[in-house]
Amino acid sequence: MSFYTPSSNISNLPTCSETALMYSQKLQTVICEEIAATDGWISFARYMELALYHPGLGYYNGGAAKLGAGGDFVTAPEISALFGYALAKQIKQISEQVVKHRGQADILEIGAGSGKLARDMLHELEHNDCLPQHYYILEVSAELRERQQQFLTEQVPHLMTRVIWLEGLPEQFCGTILANEVIDAMPVHLVEWQGADVLERGIVWQESNRTFSWKNRPVTDDALKVIAGNLTQQINPQHDPDFRYCSEINRAAGYFIRGLAGILQQGAVILIDYGFGRSEYYHPQRNQGTLMCHYRHHAHDDPFYLPGLQDITSHVDFSALYDAAEEVGLPLMGYTTQAHFLLNCGITEILTRTPVETAQNYLPLANQLQKLVSPAEMGELFKVIAFGKALDLPLYGFVSGDKSRML
Ligand SMILES: C[S@@+](CC[C@H](N)C(=O)[O-])C[C@H]1O[C@@H](n2cnc3c(N)ncnc32)[C@H](O)[C@@H]1O
């Protein structure tokens, strides 16, 4: 996702069509009804789930463009095919080892967006004579799934017998499981530390001015209480009674890792997203958390703005992913920045396949590479973490730039 200076000022955002507004209002009504049916309060995680994934009205299920220049945000596969080509090198290494033992290796992409990453990796793997037996896609959005089907049928018609959309995780899997910018799109709980109290931020409806607003209440969910309690020592070590701090807890990410660990027989899980290890995530200066909204390439911090028409995300706490994997015995294979990962996977050599002399081809690609690896753009903020099972090789992507001490 490309970054813009966040601004809490939503008055200068582009306007939307009457039809889009009507859909957003319908979704607001759905959310209001749920709030009314649950004692006047819902958690922020539930609000985010409805705003992003309500069937038909949620952001990821609505008809708007979402990804790319005509949408709300840009991801690495939207910026450049080089991203998928470099990832393919990592996947090839994993697949070769899996094939040795199992006879075949598959790919499972979670949250495939427009389908561009699938196309690019399939092209590159075909070029390297290392096509997966199956390229599975698990996509929560029915609307994006349709777009992926259309896009891949146009772009890689000869490979479509290998591409299979799943309704849920398979029972067993051998090969590479991949998710780019999926965990940041999972609904998060908002927790507020106020002195010795730990409260959950939720949403109420204010009939007087017909808006959503925030309301805290004590954390009641046991699992959330334990996670928030464990963070308290780090967040408010002095037990300062005047202390105020708000941040996110992504419980869904933990369930996600446990689910993947349960199906992986041999191979690796590679997760790419923006975020940090716990000490940076819950840093004293990040006392308003990392929640961010994207609407037509403008970033702001108001999740109540046009629900269903804008993306809502939070950064990823990679230490939480590591802990969840540890708990279920899924070993860490590497953790590094996107820049290191892509460079380790030979992205610059891939660029040099395009002759410098053909400036009209080479220059745009060189610019794209710069966006993917520059520390000022996606190179540092985005991280890559990999977990593995029954793999006895150092993964190419992590041979230099190890950051696992930050987990
Ligand atoms: C920010 S987009 C990223 C899309 C794509 N991976 C890319 O990099 O361009 C998030 C994607 O994850 C999907 N998604 C979110 N949560 C999911 C889940 N639990 N299972 C499957 N897909 C999910 C969304 O529908 C969307 O396709």
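In this note's numbering, the protein residues as written are 846 to 1252.
All C-beta atoms, glycine included, are put in the ideal place defined by N, C-alpha and C.
Treat the numbers as computed from the prediction; the structure is a model and nothing was measured.
Check: Contact test: Y1150 Cβ vs ligand 1 heavy atom, cutoff 7 Å; Outcome: no
Check: Any non-hydrogen atom of ligand 1 within 7 Å of T920 CB; Outcome: yes
Check: Residue environment, L1076, which counts as buried when at least 16 other CB atoms sit within 10 Å; Outcome: buried
Check: Close beta carbons around F1232, own chain, < 7 Å, minus the five adjacent residues each side; Outcome: A1113, V1114, A1170, L1175, P1176, L1177 and M1178
Check: Separation of V1201 from I1028, as counted between CA atoms; Outcome: 37 Å
Check: F1186 and G1242 closer than 8 Å at C-beta; Outcome: yes
Check: DSSP three-state assignment for N1075, whether helix, strand or coil; Outcome: helix
Check: Every unbroken beta strand (DSSP E) inside the segment 1082-1150 [3 residues or more]; Outcome: 1089-1094, 1109-1121, 1137-1140 and 1143-1145
Check: Rounded distance between the beta-carbons of I936 and L970, thought under 8 Å; Outcome: 7 Å
Check: S959 Cβ short of 7 Å to ligand 1 heavy atom set; Outcome: yes
Check: Segment contact, 8 Å Cβ cut-off, at least three pairs: the segment 1148-1159 with the segment 1126-1137; Outcome: yes
Check: Straight-line Cα distance separating L953 from Q1017; Outcome: 11 Å
Check: Closest by C-alpha distance to L1236, when choosing among Y1090, K961, D1066 and E941; Outcome: E941
Check: Enclosing alpha helix (DSSP H) for E969 [first to last residue]; Outcome: K961 to H972
Check: Continuous alpha helix (DSSP H) assignments of at least 4 residues falling wholly in the segment 1173-1234; Outcome: 1183-1189, 1192-1196 and 1204-1218
Check: Beta-bridge pairing of D1156 - partner residues as DSSP gives them; Outcome: H1139
Check: Rounded straight-line distance, which links the Cα of H1142 to that of P851; Outcome: Here P851 scores only 41 on pLDDT, less than 50, and its place in the model should not be relied on; the value that follows carries that caveat. So the two alpha carbons sit approximately 11 Å from each other.
Check: Closest Cα partner of P1032 within the set A1041, L895 and S856; Outcome: L895
Check: Proximity of I1080 and I1022 at Cβ, strictly below 8 Å; Outcome: no
Check: Among N857, F1057 and A1068, nearest to A881 - alpha-carbon criterion; Outcome: F1057
Check: Sequence-distant residues of the same chain with beta carbon closer than 8 Å to D917, five excluded per side; Outcome: A909, A910, K911, H1139, Y1140, R1141, H1142, Q1155 and D1156
Check: Secondary structure of H1003, DSSP reduced to three states; Outcome: helix
Check: Among A931, G958, D1042 and E1052, nearest to V919 - alpha-carbon criterion; Outcome: G958
Check: Proximity of Y1100 and L989 at Cβ, strictly below 8 Å; Outcome: no
Check: Continuous beta strand (DSSP E) stretch holding K937: start and end; Outcome: Here K937 belongs to no beta strand (DSSP E); instead the alpha helix (DSSP H) covers A926 to R947.
Check: The segment 1033-1045 in contact with the segment 1077-1096 per 3-pair CB rule at 8 Å; Outcome: yes
Check: Where S1058 sits in the DSSP three-state scheme; Outcome: strand
Check: Proximity test, Y930 beta-carbon vs ligand 1 heavy atom, cut-off 7 Å; Outcome: no
Check: Neighbour-count burial assignment, S853, 16 or more Cβ in a 10 Å radius; Outcome: In this prediction, S853 has a pLDDT of 45, which is less than 50 and means its spatial position is unreliable; what the coordinates show is noted afterwards. Per the 10 Å Cβ criterion, exposed.
Check: Unbroken beta strand (DSSP E) run spanning L1240, endpoints; Outcome: Note, L1240: premise wrong, no beta strand (DSSP E); not H, not E.
Check: Minimum C-alpha distance to G1120 - residue among D1147, A1030 and P1002; Outcome: A1030
Check: E1045, DSSP secondary structure in three states; Outcome: strand
Check: Contact set for A1073: own chain, Cβ-Cβ below 7 Å, skip 5 residues either direction; Outcome: V1036, V1043, V1064 and I1094
Check: Unbroken alpha helix (DSSP H) run spanning E863, endpoints; Outcome: E863 to A882
Check: Chain-order list of residues whose beta-carbon lies under 8 Å from that of G1104 (same chain, five-residue window excluded); Outcome: L1014
Check: Where Q995 falls, given that 16 or more other Cβ within 10 Å makes a residue buried; Outcome: exposed
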